[in-house]
Structures are given as C-alpha cells and as structure tokens.
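**Q**
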Ligand code: FNR
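In UniProt numbering, the protein residues as written are 19 to 371.
1) Identify whether residue 134 lies in helix, strand or coil by the three-state DSSP scheme.
2) Residue 92 and residue 338 - do their beta-carbons sit closer together than 9 Å?
3) Starting from residue 88, trace the beta strand (DSSP E) in both directions and tell me its first and last residue.
4) Per DSSP, which residues does residue 147 bridge with? Please list them.
5) Per DSSP, which residues does residue 317 bridge with? Please list them.
6) Consider the C-beta atom of residue 97 and the heavy atoms of the ligand NAP; say whether any pair is separated by less than 8 Å.
7) Do residue 100 and residue 124 count as a contact pair if the criterion is CB distance below 9 Å?
8) Quick check on residue 282: does DSSP put it in helix, strand or coil?
9) Quick one: what's got a C-beta closer than 6 Å to residue 202's C-beta in the same chain, skipping five residues either side?
10) On the criterion of 16 or more Cβ atoms from any shown chain inside 10 Å, does residue 77 qualify as buried, or is it exposed?
11) Distance, Cα to Cα, residue 350 vs residue 80?
12) Can residue 173 and residue 283 be called in contact, C-beta distance under 9 Å?
13) If you count every other CB in all the chains shown that lies within 10 Å of the CB of residue 205, and 16 or more means buried, which is it?
14) Quick check on residue 124: does DSSP put it in helix, strand or coil?
15) Nearest by alpha-carbon distance to residue 50: which of 327, 315, 274, 345 is it?
16) Give the secondary structure of residue 103 by DSSP, where H, G and I count as helix, E and B as strand, and everything else as coil.
17) Which residues mark the beginning and the end of the beta strand (DSSP E) in which residue 292 is found?
18) Looking at the structure shown, is residue 340 part of a helix, part of a strand, or coil, going by DSSP?
19) In this structure, how does DSSP classify residue 254 when only helix, strand and coil are distinguished?
20) Using three-state DSSP, classify residue 108 as helix, strand or coil.
21) To which residues of the same chain is residue 158 closer than 7 Å at the C-beta, ignoring the five residues directly before and after it?
22) Use the C-beta contact count for residue 133: other C-beta atoms within 10 angstroms, 16 or more gives buried, fewer gives exposed.
23) For residue 299, verify whether its CB is less than 8 Å away from any heavy atom of the ligand FNR.
24) Using a threshold of 9 Å, state whether the C-beta atoms of residue 258 and residue 291 are closer than that.
25) Kindly indicate the opening and closing residues of the beta strand (DSSP E) around residue 259.
26) So for residue 238, helix, strand or coil by DSSP?
27) What number of angstroms, rounded off, separates the C-alpha of residue 352 from the C-alpha of residue 218?
Next comes the structure, spelled out in structure tokens:
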C-alpha cells in the first residue's frame, strides 16, 4: 500500500521507486551530499508560508505566461534530464509528448538517446541543453543539429566542470529496433557511465556568444547560477535568461539552496533577463513562492521522471497537471488572478512558519 498522507507527489515517488530497477532509482534519486542535506534543501521550500486571501468571490484564474516571449499554459517547465529511456522505453519522446499536451516547454539533455527529430515530431517547444565538450567542433555540430531540428533555445549548463557525457545525441540514429532497443531500455548505471565517452570542459562567458552563433541566433539560457554576480556576468555576456539551480543537489554537497539564492539573482538581473529556478520544486505552492520572489518560471526534474517511469507520457502529464492545479489554487489564495498580477496585487507574506 502506498502512503498518501505526505501528498500525491510523494506517493507517486514511492510508486515510481518501487517500479524502477534499483540502478535507475539510484541514478534518479542521487544527490552529491548527505541525505540530511538534500532533505533540508527540499524542506526549505515548505518553510515558506503565506496568509491566504478570502472573500474574493468567484474569479477566473489564468496560469498562462510567456518564457522568452513564447506563450506557455503554465510557468511549470520540464528540466533537462539525461537518459530518460532508463525510466521508460519511450524516454524523451513521452516526456515531450506530455509537454506538448500540456502546453509547456521541455528541456532536452545533451545526453538523450532519442533523436531530435522525434522530439520535434511531438510538437513540443523544446530547449536543447548543452555541456560544452572538449571537442568544440563536436559541440557546434550537435548545437547546429538541434537548432536545425527545431530547438527554440539553448540551455548552457555551467555547474558541471568534471563530468563525462555520452554521445548518442551527437550522432543521432533512428530509434533502434530489436536488441539495441532492449539494450537502451535496460541500461545499467555502470553502462551509463561506460557510454560516457566525451570529456566536457568548464563553461566560460565566451561560450554564450559562441553558442548564440553556433545555433544561428537562438537565445542562450545559463543553467546552474547561484550568485547575483555570476548572473550579471552571464547576462552582460548575452544570456537571455538564467536558471538558478543546484542541479537538484547533484553537484555539490555544500552549496546554498536554489531558493535561498533566488532573491539575490533576481535583484542582480532585474529586467535585463528572465530568471528561472529549479531544484526541489514539488508543489504548486512552491512554484507560487518562486514566482513571488521574481522567477518567471520554474523547472521540475525528478517528479517528471517519476511520472515517466510509472506511465510514460500519461504519467508526466499527470504530474504537470497536478502541479498546475495546485498552482491555480495557490494563485487564487494569493488574491491575484494571473501571474502578471503577482508582483502588484499579491499580499503574500513570505516568511518562516
Ligand atoms: C538531471 N539534471 C540535468 N541537468 C542538465 O543540465 N543536464 C542533464 O543531463 C541533467 N540530467 C539529469 C538527470 C537526472 C536523473 C536528474 C534528476 C537531474 C538536473 C535537472 O535539469 C534539474 O536541475 C534538477 O533535476 C532539478 O531538481 P529537482 O526538480 O529534480 O529537484
């Protein structure tokens, strides 16, 4: 029996963890630091509370917003996550199909085993995530190919300085049939590591202009910023947006949380670029907190993997729609009727419980 007393998403996590093979479960759930630290990062989001407004009568509420000038049905976006075929045979095709159905954006990891054309074929708005490879020509090729296939933006992940990534996205093949498909579906963590052939290099400010050029002028979003000064440098160097992120706690066991970094990044960037946040967003209320603090949108990582693992596109859709329903409720209690109204109409009082 699944314990739902902690909420529907925690129950979904429990179900997904029971369904996933141990090595995939570990890959999805892993963090760089202690379990206590990871739990504390998550708990920070829950420690923010607000005084709901009431007696406002029946009002129509709208979660619609824009990211980089494009309309989305909700500010809850899908974070780029590697090797989704480990969680479900359809991998990113299913995640992208859910994004298309819900009307949101999917970040597609460099480390995807699904060809770009199949992701584009779902009709989803997708942003391609890049780790700069030591082989710059190879990075350019993959970025050109993503742009040609229809990616609408490039996400440059800058919090990863010593990771090896695999190459399936670099030389996209048709979705394999027979034993190759089975092999991909049954990848072990060790095999995942074995796939990882190409050394990456630490990103620099120059990479922003370089990726803008290589992509034929797509907006570049810098992911993994936790400081106002770094955010300013990225925006001054041409970034259209930054993502305040601890990579879901997977990169450092001693870093500040995304939530605590958000206000200083928003303050530093001002109106010069959009600011998004991820790492630990687990409810619509968390999303509302992020938006109230000045984020334009949030990305959700692991909950999408849990939905994917349990029932493919339908599972991802369920997660997104669940978060959106919670966000609608939180918005109604904020007193605002639209996200644009949050900064002005909102009487949320953020503070510790
Ligand atoms: C990630 N993340 C990630 N980020 C990135 O830029 N490129 C990548 O390939 C991956 N791969 C990846 C795999 C898995 C299994 C997870 C869980 C995460 C990080 C991801 O984009 C995002 O920052 C976090 O997942 C957000 O935190 P939550 O929502 O998982 O708490």
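Even glycine gets a Cβ: it sits at the ideal position worked out from N, Cα and C. For clarity, every value in this text was computed on a predicted model and none was experimentally measured.
**A** The structure says:
1) helix
2) Taking 9 Å as the cut-off, the beta carbon of residue 338 is found closer than this to the beta carbon of residue 92.
3) 88–90
4) 173
5) 95
6) As presented, the structure is devoid of the ligand NAP, carrying the ligand FNR as its sole ligands.
7) Not a contact, by the Cβ cut-off of 9 Å.
8) Looking at residue 282 - three-state DSSP - the assignment turns out to be helix.
9) Reliability fails at residue 202, whose pLDDT of 49 lies under 50, so the model's placement of it is uncertain and the value that follows must be treated cautiously. A distance below 6 Å between beta-carbons, with the five flanking residues on each side excluded, links residue 202 to the following residues of its chain, in chain order: 103, 131.
10) exposed
11) 10 Å
12) Judged by their CB atoms, residue 173 and residue 283 are not nearer to each other than the 9 Å cut-off.
13) The predicted position of residue 205 is uncertain, since its pLDDT is 44 and thus under 50; a value taken from the coordinates is nonetheless stated next. By the 10 Å Cβ count, residue 205 comes out buried.
14) strand
15) 274
16) helix
17) 292–295
18) Helix.
19) helix
20) Residue 108 falls in the coil class under three-state DSSP.
21) 232
22) buried
23) yes
24) yes
25) 259–262
26) strand
27) 44 Å
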